[in-house]
Amino acid sequence: MTSSSRSVDSSADTAASDSVDIQVWLARHGERLMSSHANVQIAEGIVLWHHSPSWLPVALWPANADGVVLLDIADQVREAGRGLVSALDAGGMSLGYPVRDLSQRPEDALVGAVALRVVRKGAVDEAPNQADLVPLMQQLEDAVAGLERDILARHYASTLSQQSRLGEHLTLLASVLEQPSFNAAAMQLTTRLSATLHAERVSLGWRRGSRTRMRQISHSARFNRKMNRIRATESAMDEALDQRRAVVWPVDHDGDDASIPASSSAPVNRAHGSLCQITDVPCALTLPCLDGGKPLGALTIEREHPFDDEEIGALQSLMALCTRALEEKRRNDRALLVKMVASMGEQCARLLGAGHLGYKLAAIVLVGVASFAYFATGTEHEAADAELKSAVQRVIATPFQGYIDDARARAGDRVEQDQILATMDTRDLRLQQLQSQSELAKLASEAQRLRAEGENASLNVVDAQREQAQAELELIQSRLSRANLRAPYDGVVVSGDLTQRLGSAVDQGEELFRVAPEGNYRLELAVDEARIDDIREGQQGELVLSAMTDTPLNFEITRITPETRVIEGSNRFVVEAELAESPIELRPGMEGVARIEMDEARLVTIWTRELVDWLRLTLWKWWG
35 MTSSSRSVDS SADTAASDSV DIQVWLARHG ERLMSSHANV QIAEGIVLWH HSPSWLPVAL
95 WPANADGVVL LDIADQVREA GRGLVSALDA GGMSLGYPVR DLSQRPEDAL VGAVALRVVR
155 KGAVDEAPNQ ADLVPLMQQL EDAVAGLERD ILARHYASTL SQQSRLGEHL TLLASVLEQP
215 SFNAAAMQLT TRLSATLHAE RVSLGWRRGS RTRMRQISHS ARFNRKMNRI RATESAMDEA
275 LDQRRAVVWP VDHDGDDASI PASSSAPVNR AHGSLCQITD VPCALTLPCL DGGKPLGALT
335 IEREHPFDDE EIGALQSLMA LCTRALEEKR RNDRALLVKM VASMGEQCAR LLGAGHLGYK
395 LAAIVLVGVA SFAYFATGTE HEAADAELKS AVQRVIATPF QGYIDDARAR AGDRVEQDQI
455 LATMDTRDLR LQQLQSQSEL AKLASEAQRL RAEGENASLN VVDAQREQAQ AELELIQSRL
515 SRANLRAPYD GVVVSGDLTQ RLGSAVDQGE ELFRVAPEGN YRLELAVDEA RIDDIREGQQ
575 GELVLSAMTD TPLNFEITRI TPETRVIEGS NRFVVEAELA ESPIELRPGM EGVARIEMDE
635 ARLVTIWTRE LVDWLRLTLW KWWG
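Numbering (our numbering), first residue to last: 35 to 658.
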């Protein structure tokens, strides 16, 4: 039963619950009205009161009156909501007036109806005069107004009492929340409740398995669990927790629990009776500590005077707030290992117990994915950055020191074999050629003269000079023949652009062009060093270039080189591969991503390989 159902909704219900007060009021005012008038007398009176959801008679005067006729009159007053005066078939007149609770809204204010049968004195069957009824009706209104004031005063007193109790409970709750541990919070709760309720003893127990164990007793730092009083208290707590409701002792005179309305069944309270016999404390109350319907513990209060419904309801509200705080503190007090085990147990209980359909479905999906990843296999792939290069490249260098005369090709142009790429300025060479030819003719004429004169020694010198001049002429002719820079084969100019260097000087051996044969490429892969041991010659793979994302290209590993490169802080080994086919759109220097097909492995191994390798390195680093 909740505190809201136990608490009194209005002061009118409080007044109605005490029918003796209404009976006293009716008798007192009935005699007063009858004694104040010489010509009329009150034959009988009845009070009809609202007991939600019905209306019931709660007072009758005199005690031996029939009241059947007046019951109908009171019901008419209730329906009309105003005072009524009417003649009765049985003789006499009836006076009726409604009773309202002034603390309620106007539509809910009507709480009772008073009906009186008035007759002439000395003639019980004769109706009194109209003039005699007016002052009688006024006095009835005054009497009802006094009753309404009493109801309002009682409502005000009840509100003050509830506010005071609420303030005390909030203060107690704050003191419980500010404690750092369960034991400190439990001691604060039991000790302060004992002082507030004037209790002999307040005990707090908490569930362990299927039994409740005593955890704290007010004003007691230590206690012996083997004492009969402690065991009896734990049994009383179990009794309340098993029924999941408040249990109070003693029972009222009708044999029902004083805390339970007449409409509900009384709880079993034998253990509480035994507890009171052992402790010689006449009254005991146990409140279960429930969290979401789950029994966590119980609070037992023992004192000399009994508990009322309003007090029990307020205590239930207090424990509903304190239970969660106490449970959280108890959980926080546990050791870390115990918390881990308990958390695993809770998750298993959710998984295997009733309810939590979404949790179970998620677990089934997770187990299915894990099983599939463990038992299913797939081809492992290693991704690597790839760059397309020509298998062979020829460098076209400057044949001699001179100047660029003409440029007929640049990087990206397709060229044919012996096609002129650029020409050198040969004007100086041709002048040197003419000079050498002239020198050679002069020496030939000189040699002829010396031969005719027979001067063999001088002839040998001239012949040597002729050979030197002839060599210089051949060198100049060789340079003239190489002044046109030609393509060594059909291919593509990979690098070189002399269109911006026409007329500029170049040194001998300076690189001017690079020419690569068309359709013959080499693929260079940058493989992470963590996976280089898994790469083998002959492995197949697939390449996707950035410029041709819609055309995958197959390749085969041909060579694993010791060359390394540092890319984005990671060390990579260079692996060479050969393309299975070379589309015409390929260009040297294209980049993309390659995937190398490796061995078959479990999917879970493939997915977690990098994580496992990182863990191995980390563990070896810290623990060797």
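Heads up, the beta-carbon is just placed ideally off N, CA and C, and yes, glycines get one too. Remember, it's a predicted structure, so these values are computed and weren't measured experimentally.
Please report the straight-line C-alpha distance between residue i and residue j, rounded to a whole angstrom.
i: Q222; j: R384; result: 34 Å
i: M458; j: Q482; result: 38 Å
i: W283; j: L360; result: 26 Å
i: V210; j: E273; result: 26 Å
i: R650; j: P551; result: 47 Å
i: E558; j: I438; result: 35 Å
i: A405; j: L620; result: Before going on, a small fix: residue 405 reads as Ser here, not Ala. Cα to Cα, S405 sits roughly 44 Å from L620.
i: S192; j: E141; result: 22 Å
i: G446; j: S538; result: 22 Å
i: R154; j: M127; result: 9 Å
i: F257; j: T267; result: 13 Å
i: D291; j: Q250; result: At D291, the pLDDT of 46 sits below 50, so the modelled position is not reliable; the number obtained from the coordinates is stated separately. Between D291 and Q250, the C-alpha separation is close to 27 Å.
i: A300; j: V74; result: 50 Å
i: I107; j: P91; result: 12 Å
i: V152; j: A270; result: 57 Å
i: R599; j: D562; result: 10 Å
i: E610; j: D497; result: 58 Å
i: R500; j: T460; result: 24 Å
i: A61; j: D343; result: 29 Å
i: A635; j: T411; result: 5 Å
i: Q8; j: R226; result: This structure leaves residue 8 out entirely; the chain is present only between 35 and 658.
i: R40; j: L200; result: For R40, the predicted model reports a pLDDT of 35, less than 50, meaning its position is unreliable and no value from the coordinates is stated.
i: Y408; j: T357; result: 45 Å
i: P295; j: H84; result: Interpretation of P295 is limited by its pLDDT of 42, a score under 50 that renders its predicted location unreliable; the figure taken from the coordinates is listed afterwards. Their backbone Cα atoms lie some 17 Å apart in a straight line.
i: T585; j: L422; result: 15 Å
i: V608; j: I601; result: 11 Å
i: T413; j: A521; result: 46 Å
i: W240; j: S195; result: 31 Å
i: L386; j: S377; result: 14 Å
i: N163; j: S120; result: 12 Å
i: A478; j: N490; result: 15 Å
Excluding sequence positions up to five away, which residues of its chain have a Cβ less than 7 Å from the Cβ of residue i?
i: T432; result: V540, D541, Q542, G543, E544 and L546
i: V133; result: V145, G146, A147, V148, V178, L181 and E182
i: Q466; result: I510
i: V528; result: S424, Q427, A445, R548, V549, A550 and P622
i: L671; result: The shown model of the chain, from 35 to 658, leaves out residue 671, and the question about it has no answer.
i: R259; result: M248
i: L355; result: L207
i: N262; result: I312
Apart from the five residues just before and just after residue i, which ones in its own chain have a Cβ nearer than 8 Å to its Cβ?
i: R565; result: E416
i: L493; result: A481, L484 and R485
i: L105; result: I80, L82, P91 and A149
i: Q573; result: E590, I591, I630, E631 and M632
With DSSP as the reference, please indicate the residues paired to residue i in a beta bridge.
i: Y523; result: DSSP output for Y523 lists no bridge partner at all.
i: Q250; result: L238
i: N605; result: V600
i: N588; result: E576
i: G331; result: W240 and C323
i: L613; result: F589
i: S529; result: R548
i: M221; result: Paired residues: none, contrary to the question.
i: V540; result: G436
i: L557; result: L422 and A611
Report all residues from its chain with a CB closer than 6 Å to the CB of residue i; omit the five preceding and five following residues, and keep chain order.
i: D524; result: E450 and Q451
i: W89; result: L82
i: R279; result: P301
i: P340; result: C317
i: S553; result: Here the sequence assigns Gly to residue 553, which means Ser is not the residue at that position. Counting only Cβ-Cβ distances below 6 Å, and skipping sequence neighbours, we find S616.
i: T652; result: none
i: W654; result: none
i: T595; result: V608
| Is it true that the segment 363 to 375 meets the segment 201 to 218, where meeting means three or more beta-carbon pairs spaced less than 8 Å apart? | Yes, they touch.
| request: Would you check if there are 3 or more beta carbon pairs closer than 8 Å linking the segment 406 to 417 to the segment 623 to 637? | output: Contact between the segment 406 to 417 and the segment 623 to 637 is present, because at least three Cβ pairs lie under 8 Å.
| message | Extract the residue ranges of the alpha helix (DSSP H) inside the segment 82 to 161, only unbroken runs of 4 or more that lie entirely within it. | response | Fully contained in the segment 82 to 161 are the following alpha helix (DSSP H) runs of length 4 or more, in chain order: 102 to 114.
| request: Please specify which runs of the alpha helix (DSSP H), each continuous and at least 4 residues long, are wholly inside the segment 374 to 431, giving them in chain order. | output: The qualifying runs are 391 to 409.
| query | Do three or more CB pairs link the segment 575 to 589 to the segment 392 to 408 at distances below 8 Å? | reply | Not touching, per the Cβ criterion.
| Are the segment 503 to 519 and the segment 465 to 474 touching by the rule of at least three beta carbon pairs closer than 8 Å? | Three or more beta-carbon pairs drawn from the segment 503 to 519 and the segment 465 to 474 are found closer than 8 Å, and the two stretches are therefore classed as touching.
| Whole alpha helix (DSSP H) runs in the segment 252 to 291 with 4 or more residues, listed along the chain? | If only complete runs of 4 or more residues are kept, the segment 252 to 291 shows the alpha helix (DSSP H) at 262 to 277, in order along the chain.
| said: Counting beta carbon pairs with one atom in the segment 224 to 243 and one in the segment 315 to 332, are three or more of them shorter than 8 Å? | reply: Taking 8 Å as the limit for Cβ pairs, the verdict is that the segment 224 to 243 does touch the segment 315 to 332.
| query | Curious, which full-length alpha helix (DSSP H) runs of at least 4 residues does the segment 431 to 499 contain? | reply | You should have 461 to 487.
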